[in-house]
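Numbering (the UniProt record's numbering), first residue to last: 1 to 205. The structure under discussion appears below in the form of structure tokens.
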């Protein structure tokens, strides 16, 4: 469910006043993650790496109240559930977008992920969830990236998590991940804690 709330009734009141009308309220942080365990689980169980990472993102975000708030068109909204947006290459050579509702059940999330992404790829049709706070993702695995900074558009204030190809080393596999967020939704400290907690989620999947 999505409902408008009064920013003054939240702990984001000051941030709303300072950043809602800012011409550039988006912030990007980048952290290099150890994804060795994620790769092992992916290979041993035959599960897509990107699906596992999307689930880890949703699991980590679901434990932080800031992710359930989103500024839109000068207002602040509160949600009671999260979704992960995935960009899919379609059979026509273009891309489509699909929103996958987050659930703590990894198997169910994986089934939803595979069904929706395959449907988007073959039908060239996007699918959206209107009443969930959507965390955007973009995996550009054709090459390695040190950092990704997304375009800012006032039509899309949702947080965005982006990455490229992971890097295999002798003892571990690493992956730089960029996290972009709206300053009304959270502060840098919240974003840093999200990245720290995401690493813990990856380590214990």
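The beta-carbon is built from N, C-alpha and C at its ideal position, and this holds for glycine as well. Being a predicted model, the structure only gives us computed values, none of them experimental.
Residue environment, residue i, which counts as buried when at least 16 other CB atoms sit within 10 Å
{"i": "residue 117", "result": "buried"}
{"i": "residue 99", "result": "buried"}
{"i": "residue 178", "result": "buried"}
{"i": "residue 167", "result": "exposed"}
{"i": "residue 76", "result": "buried"}
{"i": "residue 14", "result": "exposed"}
{"i": "residue 170", "result": "exposed"}
Between the CA atoms of residue j and residue i - distance to the nearest angstrom
{"i": "residue 94", "j": "residue 8", "result": "43 Å"}
{"i": "residue 23", "j": "residue 175", "result": "31 Å"}
{"i": "residue 72", "j": "residue 65", "result": "17 Å"}
{"i": "residue 18", "j": "residue 12", "result": "10 Å"}
{"i": "residue 1", "j": "residue 128", "result": "14 Å"}
{"i": "residue 114", "j": "residue 188", "result": "33 Å"}
{"i": "residue 206", "j": "residue 57", "result": "In the structure displayed, the chain extends from 1 to 205; residue 206 sits before or after that span and is not available."}
{"i": "residue 145", "j": "residue 152", "result": "19 Å"}
{"i": "residue 122", "j": "residue 44", "result": "27 Å"}
Residue i vs residue j beta-carbon contact at 7 Å
{"i": "residue 25", "j": "residue 182", "result": "yes"}
{"i": "residue 69", "j": "residue 185", "result": "yes"}
{"i": "residue 63", "j": "residue 132", "result": "no"}
{"i": "residue 60", "j": "residue 197", "result": "yes"}
{"i": "residue 90", "j": "residue 136", "result": "no"}
{"i": "residue 83", "j": "residue 141", "result": "no"}
{"i": "residue 150", "j": "residue 126", "result": "no"}
{"i": "residue 173", "j": "residue 35", "result": "yes"}
{"i": "residue 199", "j": "residue 67", "result": "no"}
{"i": "residue 203", "j": "residue 40", "result": "no"}
Cβ neighbours of residue i in the same chain (closer than 8 Å, five flanking residues each side left out)
{"i": "residue 42", "result": "48, 49 and 52"}
Contacting residues, own chain, Cβ-Cβ under 6 Å from residue i (five flanking each side not counted)
{"i": "residue 138", "result": "87 and 162"}
Same chain only: Cβ atoms within 7 Å of residue i, ignoring 5 sequence neighbours per side
{"i": "residue 195", "result": "29, 31 and 179"}
Residue interval of the beta strand (DSSP E) (run including residue i)
{"i": "residue 41", "result": "Segment 36-45 is the alpha helix (DSSP H) holding residue 41; no beta strand (DSSP E) there."}
{"i": "residue 139", "result": "133-139"}
{"i": "residue 78", "result": "75-79"}
Boundaries (first-last residue) of the alpha helix (DSSP H) holding residue i
{"i": "residue 185", "result": "Residue 185 -> no alpha helix (DSSP H), and no H or E assigned at all."}
{"i": "residue 112", "result": "106-123"}
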